[in-house]
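Engineer: Residue numbers (this note's numbering): 141 to 300.
Here's a structure for you.
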């Protein structure tokens, strides 16, 4: 079962985010609090949206997708950027990941968005194989860059 997240899902989403960070060998980087997630997802001006994958038999939350809108200047329309997609290892293979992606693809089609994009770690072969089996293709000509921490602060100070 795939459904939009509700405020009551924030503790489960927070737990799953930490599980994902641990899987990606970056638990120390997962610093978001439940309060921050609540504000980001359900505040007056949501920064992101979430969908939950629940076990059909038990109703237990077994996965989630967090996404936000991006914009393509070339296409002239919004798209969805998938920030996180995670399904607990014990629930993998039951179709939850595909169902989460299918729901986001459905939203794209329904709303006229022309892209559904995300990043995957180069070493994550099982996820890469899963995405490619769905028809997703890597954008190898692009390299992701990121400013954080001291570098971000220094550049921000230069902009004053």
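All C-beta atoms, glycine included, are put in the ideal place defined by N, C-alpha and C.
Computed from a predicted structure; not experimentally measured.
If you count every other CB in all the chains shown that lies within 10 Å of the CB of residue 187, and 16 or more means buried, which is it?
Structural biologist: exposed
Engineer: Report the three-state DSSP secondary structure of residue 226 (helix, strand or coil).
Structural biologist: strand
Engineer: My understanding is that residue 152 touches residue 213, with C-beta atoms under 8 Å, so please give their C-beta distance in whole angstroms.
Structural biologist: That pair is no contact at about 36 Å.
Engineer: Over what stretch of residues does the alpha helix (DSSP H) that includes residue 271 continue unbroken?
Structural biologist: 265–273
Engineer: Rounding to the nearest angstrom, what Cα-Cα distance links residue 145 and residue 190 in this structure?
Structural biologist: 5 Å
Engineer: Between which two residues does the beta strand (DSSP E) carrying residue 178 extend?
Structural biologist: Not the beta strand (DSSP E): residue 178 falls in the alpha helix (DSSP H), residues 174–182.
Engineer: When you compare only the Cα positions, how much space is there between residue 218 and residue 205?
Structural biologist: 18 Å
Engineer: In the DSSP assignment, find the unbroken alpha helix (DSSP H) run with residue 163 in it and report its ends.
Structural biologist: 150–163
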